[in-house]
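The numbering of the sequence shown is full-length UniProt numbering, which starts it at 1 and goes up by one. Quick notes on the structure that follows.
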Amino acid sequence: MTILSIEPFVPSGSNFEGSKQFFQALGFHLNWDAGDYVGFERDGCKFILQKYDKVEFAENFMLSVRITNADEFWRDVTDRQLPETFGIRISKPIDQPYGREVNVIDLAGVCWHFVE
1 MTILSIEPFV PSGSNFEGSK QFFQALGFHL NWDAGDYVGF ERDGCKFILQ
51 KYDKVEFAEN FMLSVRITNA DEFWRDVTDR QLPETFGIRI SKPIDQPYGR
101 EVNVIDLAGV CWHFVE
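Shown next as structure tokens:
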């Protein structure tokens with residue numbers, strides 16, 4: 001038996017459609033749509049966006065996503081004005097002991113650690 005992947009269920013917050021649009025703007029492809037659940041994928045990385053709105057849960061949920069270049073990621077997101085368009089928050093790239101990191105707080109309040 002081999003474990004092939006882990007696909008977390010990520011809460012959408014109160015704006016499910018806006019969250020779907022945000023992740024597509026980040027370059028994730030919508031693989032499937034089952035109504036209250038949608039499957040996203042980019043470069044082999046997958047997650048399931050769930051129509052779920054529990055602020056306490058979302059604000060304590062974090063994901064780490066490995067990327068090739070944190071500065072390039074930050075420039076792409078800010079140049080395309082995704083924070084203004086979707087109301088997300090993004091940190092400037094910062095060096096951490098585990099790599100160079102950009103934090104994104106999505107529409108639900110989930111913290112995504114994009115780490116080089």
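Note that beta-carbon positions come from the ideal geometry of N, C-alpha and C, so glycine has one too.
Local Cβ density within 10 Å of G87, reported as buried at 16 or more and exposed below that: Here G87 is exposed, its C-beta having fewer than 16 other C-beta atoms within 10 Å.
DSSP state of S19 mapped onto helix, strand, coil: Under the three-state reduction of DSSP output, S19 falls in the helix class.
Given F28 as reference, the closest of A34, G39, G18, V104 once Cα atoms are compared: Ranking the options by Cα distance to F28, first place goes to G39.
Identity of the residues DSSP links to M62 by a beta bridge: In DSSP, M62 forms a bridge with C111.
DSSP state of F40 mapped onto helix, strand, coil: Annotated three-state conformation of F40 is strand, per DSSP.
Cα-Cα separation between F9 and M1, rounded to whole angstroms: Just so you know, the alpha carbons of F9 and M1 end up roughly 23 Å apart.
Closest Cα partner of F22 within the set V115, E72, A108: Ranking V115, E72, A108 by Cα distance to F22 puts A108 first.
Proximity below 7 Å, CB of V102 to CB of F73: Cβ distance < 7 Å, so V102 and F73 count as in contact.
Contact the segment 48-65 vs the segment 3-19: 3+ CB pairs below 8 Å: As far as the Cβ criterion goes, the segment 48-65 touches the segment 3-19, which means the pair count is three or higher.
Rounded C-alpha distance that separates K92 from T85: C-alpha separation (whole angstroms): 18 Å.
Residues that residue 118 bridges to, as DSSP identifies them: In the structure as shown, the chain begins at 1 and stops at 116. Residue 118 is therefore absent and cannot be evaluated.
Short Cβ contact (7 Å threshold) for I94 with V77: Here I94 is not near V77, since their CB atoms are 7 Å or more apart.
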